[in-house]
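Start counting the sequence shown at 472; every next residue gets the next number (my numbering). Heads up, the thing below is written out as structure tokens.
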Amino acid sequence: MSDEQLIYKINSSDPSAFKMLMEKYQLQVFRTVMGFVHSKEDAEDITQDIFVKVYQSLASFKGESEFSTWLYRITVNMSINFVNRNRKNRLLQSLEDIFTKPGNEKTPLEQLEESERDRRIQKAIDSLTERQRMAFILSKYEELSQKTIASVMNTSEGAVEQLLQRAKNNLQRKLS
Numbered sequence: 472m473s474d475e476q477l478i479y480k481i482n483s484s485d486p487s488a489f490k491m492l493m494e495k496y497q498l499q500v501f502r503t504v505m506g507f508v509h510s511k512e513d514a515e516d517i518t519q520d521i522f523v524k525v526y527q528s529l530a531s532f533k534g535e536s537e538f539s540t541w542l543y544r545i546t547v548n549m550s551i552n553f554v555n556r557n558r559k560n561r562l563l564q565s566l567e568d569i570f571t572k573p574g575n576e577k578t579p580l581e582q583l584e585e586s587e588r589d590r591r592i593q594k595a596i597d598s599l600t601e602r603q604r605m606a607f608i609l610s611k612y613e614e615l616s617q618k619t620i621a622s623v624m625n626t627s628e629g630a631v632e633q634l635l636q637r638a639k640n641n642l643q644r645k646l647s
């Protein structure tokens, strides 16, 4: 069933249609959120909040863009809002995780080194400008085309290409 048909059914009060829509996009939304928040629990909560917002806002979806583009805009905006509200607690949480979660047979030193590497990568991604980070996550985590990213970001494909190149250069510089 197409997105348009599902949306029509949802707006006609068919609860099974929203479940189908959620199942269709849940993994993509979750992966995109993970690219911003780097925490499975937070990503699950935000994903749920995104679908609540989608359900509440679906009547206002005008169909001027693809539904998936509209959904990605909501996903990116809610993810960025969460990151901006919760910057302080993330480092403390990642350090706490090293010592409280089992490490799959890894020594505490190996866990610490792995966590430090992951934290450096996350910090480098988080330090990109908002638009570079958005383009990078949609490209690398979601594997969206530049054309789709341009649509989500309301910009040109050339601008997306430049954002991705700058993001790549910045990440290489920060991680070398």
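C-beta: ideal position from N, C-alpha, C; glycine also. This structure is a prediction, so every number in the text was calculated from the model and none was measured.
Please report how far the alpha carbon of residue i lies from the alpha carbon of residue j, in whole angstroms.
i, j, result
"Ile551", "Leu492", "23 Å"
"Gly574", "Glu581", "The predicted position of Gly574 is uncertain, since its pLDDT is 49 and thus under 50; no value can be drawn from it."
"Arg544", "Thr503", "11 Å"
"Tyr479", "Ser616", "27 Å"
"Asn482", "Ala530", "7 Å"
"Gln623", "Thr578", "Sequence inspection shows Val at residue 623; the Gln mentioned does not correspond to that position. One C-alpha to the other measures close to 43 Å."
"Gln510", "Glu613", "The sequence shown places Ser at residue 510, rather than the Gln named in the question. The alpha-carbon atoms of Ser510 and Glu613 are separated by roughly 17 Å."
"Lys678", "Ile517", "The structure shown does not extend to residue 678, since the chain is modelled only from 472 through 647, so no value can be given for it."
"Gln476", "Gly534", "12 Å"
"Leu498", "Val547", "14 Å"
On a Cα-Cα basis, can you pick out the residue from the options that is closest to residue i?
i, options, result
"Arg602", "Gln636, Phe532, Glu512", "Gln636"
"Ser539", "Leu634, Asp589, Leu642, Thr619", "Thr619"
"Asn555", "Asp474, Leu477, Ser598", "Ser598"
Which residues mark the beginning and the end of the alpha helix (DSSP H) in which residue i is found?
i, result
"Tyr612", "First-last for Tyr612: undefined, no H or E at that position."
"Ser510", "Counting along the chain, Ser510 falls outside any alpha helix (DSSP H), and DSSP gives it neither H nor E."
"Glu537", "No alpha helix (DSSP H) contains Glu537, which DSSP labels as neither H nor E."
"Thr619", "617-624"
Is residue i near residue j, with beta carbons less than 8 Å apart?
i, j, result
"Phe553", "Val523", "no"
"Ile592", "Met549", "no"
"Ala638", "Phe607", "yes"
"Phe501", "Tyr526", "no"
"Arg588", "Ile596", "no"
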